[in-house]
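Notes follow the structure.
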Amino acid sequence: MENKLMVAGPTEIEQDILEIGMKKQQYNRTPEFADKLGNIQEKLRYLYKTENDVYILSSSGTGAMECAVANFTNTHEKVLVLSGGTFGDRWAEILSAFEVPYELISVPIGTNITVDLLEAKYSPDIGAVLITANETSSGTKIDIKPFGEFLRDKKSILIVDAVSSLGADEIETDKWGCDVVISSSQKALALPPGLALISVSDKAWAVQGKSNHPKYYFDLKKYKLNLSRNQTPFTPPISLLYQLEERLERIFESGIDAVVSAHESRSIYLRNRLAALGISVFDQNPSNGVVGFDLGGLFGAKKMINILREHYHIEVTPSPPPHDDRIIRVGVFGAVGNADIDELVAAIEEVLGPQIGGRKCLDSVTAISA
Ligand SMILES: Cc1ncc(COP(=O)(O)O)c(C=O)c1O
7 MENKLMVAGP
17 TEIEQDILEI
27 GMKKQQYNRT
37 PEFADKLGNI
47 QEKLRYLYKT
57 ENDVYILSSS
67 GTGAMECAVA
77 NFTNTHEKVL
87 VLSGGTFGDR
97 WAEILSAFEV
107 PYELISVPIG
117 TNITVDLLEA
127 KYSPDIGAVL
137 ITANETSSGT
147 KIDIKPFGEF
157 LRDKKSILIV
167 DAVSSLGADE
177 IETDKWGCDV
187 VISSSQKALA
197 LPPGLALISV
207 SDKAWAVQGK
217 SNHPKYYFDL
227 KKYKLNLSRN
237 QTPFTPPISL
247 LYQLEERLER
257 IFESGIDAVV
267 SAHESRSIYL
277 RNRLAALGIS
287 VFDQNPSNGV
297 VGFDLGGLFG
307 AKKMINILRE
317 HYHIEVTPSP
327 PPHDDRIIRV
337 GVFGAVGNAD
347 IDELVAAIEE
357 VLGPQIGGRK
367 CLDSVTAISA
């Protein structure tokens, strides 16, 4: 029996979209393929709610983060990073690798990040502000709009990691003044991993020339030049593009707002069901795509995850260290519905035992996991 994927990506993917990935390869340097890339570009702008170009990279989400740092920062201009956990901290790690001076503003995991934190630290010499729209390690969202409004008339650009947000949470790239927005294929787009996206505003293009980092594959000037003829600079992941085109058609048909609402309904349903068991759910500005909950001293998270995998055939995921034995995350991306959520919650309830409030575990499960 195959395990149901309820992790924060990769996701369950509909069979017909999986099969599209098996279609015969087309040669990419043809007018027909350029038409396909033109259609994909138009729909990506719809998804992003932007008039800007959205470039396609052959990488996972971290590649797009690195691409953003390589193109829009430099070694003499300080940047600010706002972080609520692992993925916010990843910005700082990449900046360190590129020797960019930065200040890290951190909050404890599960805590909302508000614009006053930026206002308190901001100075006009800041080149860029880097932020994570959904801190996937806890499922906590950041409302990006006030950050964009604060920076709109300043010279600093806003770089947003929307890897686990785009398509699940509301993202208004242009209206909110987001200059660079990155995402990837294996979360709300419910596609196989391997494809990343990056949108770039005119304000960001104006500073791209100041970047003094060595770059070749991720030099976005090449992508801009090629997109002007609906091409990519290097061989793209052709099967993934077939699948992306179909996914974007489906999003376009349903409407992006409806797709976001569907994620919202599923996550609310899951959070309510967990809360009804007395489980402590991260609910400070929760994201729509990822539900985080803290088992605290109730039951070891790693043990719970193993039991769910081995005995219930459901994959959920711990938070990255250091919270990996307390925090569990569930992704509601892709082809999962309320029936899957019911199955998961019933399994958790069975593992924790009838007296959840009394923190009592089923003897049988204790035996299984011993
Ligand atoms: C918010 C966020 N940023 C970046 C990444 C890194 O993406 P990838 O694993 O595709 O490199 C992830 C992955 O989970 C993420 O959730």
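For reference, each letter of the sequence shown is one residue, going 7 to 376 in the numbering used here.
All C-beta atoms, glycine included, are put in the ideal place defined by N, C-alpha and C.
| Check | Outcome |
| --- | --- |
| Euclidean distance between Cα positions of Ala196 and Tyr61 | 19 Å |
| Cβ distance (whole Å) where Phe288 is taken to contact Gly15 below 8 Å | So it is not a contact: roughly 18 Å between Cβ atoms. |
| Span separating the alpha-carbon of Lys127 from that of Gln214 | 24 Å |
| Proximity test, Ser271 beta-carbon vs ligand 1 heavy atom, cut-off 7 Å | no |
| Distance, Arg35 Cα to Asn291 Cα | 45 Å |
| Near ligand 1: Arg335 beta-carbon under 7 Å from a heavy atom | no |
| Continuous beta strand (DSSP E) assignments of at least 3 residues falling wholly in the region 49-102 | 59-63 and 85-89 |
| Residues that Ala378 bridges to, as DSSP identifies them | The question about residue 378 has no answer here: the residues shown for the chain are numbered 7 through 376. |
| Three-state secondary structure (DSSP) of Ile111 | strand |
| Contact test: Val75 Cβ vs ligand 1 heavy atom, cutoff 7 Å | no |
| Classification of Tyr108 by the beta-carbon crowding that lies within 10 angstroms, buried from 16 upward | buried |
| Which residues DSSP lists as bridging Leu164, in chain order | Val135 |
| Option in Glu252, Glu255 and Val297 with minimal Cα separation from Glu270 | Val297 |
| Assigned secondary structure, Val287 (DSSP; H/G/I helix, E/B strand, else coil) | strand |
| N-terminal and C-terminal residue of the beta strand (DSSP E) that Gly298 is part of | Val296 to Asp300 |
| Rounded straight-line distance, which links the Cα of Glu321 to that of Leu315 | Rather than Leu, the amino acid found at residue 315 in this sequence is Arg. Rounded to the nearest angstrom, the two C-alpha atoms are 5 Å apart. |
| Status (buried if at least 16 other CB within 10 Å, exposed otherwise) for Pro243 | buried |
| Contact test: Ser245 Cβ vs ligand 1 heavy atom, cutoff 7 Å | no |
| Proximity test, Arg51 beta-carbon vs ligand 1 heavy atom, cut-off 7 Å | no |
| Length-filtered (4 minimum) alpha helix (DSSP H) runs lying within the region 224-291 | 226-233, 244-260 and 262-282 |
| Sufficient close CB pairs (3 or more, under 8 Å) joining the region 135-155 to the region 49-63 | no |
| Same chain, Cβ closer than 6 Å to Ser293, five either side skipped, listed in chain order | Asn140, Gly145, Lys147 and Asp175 |
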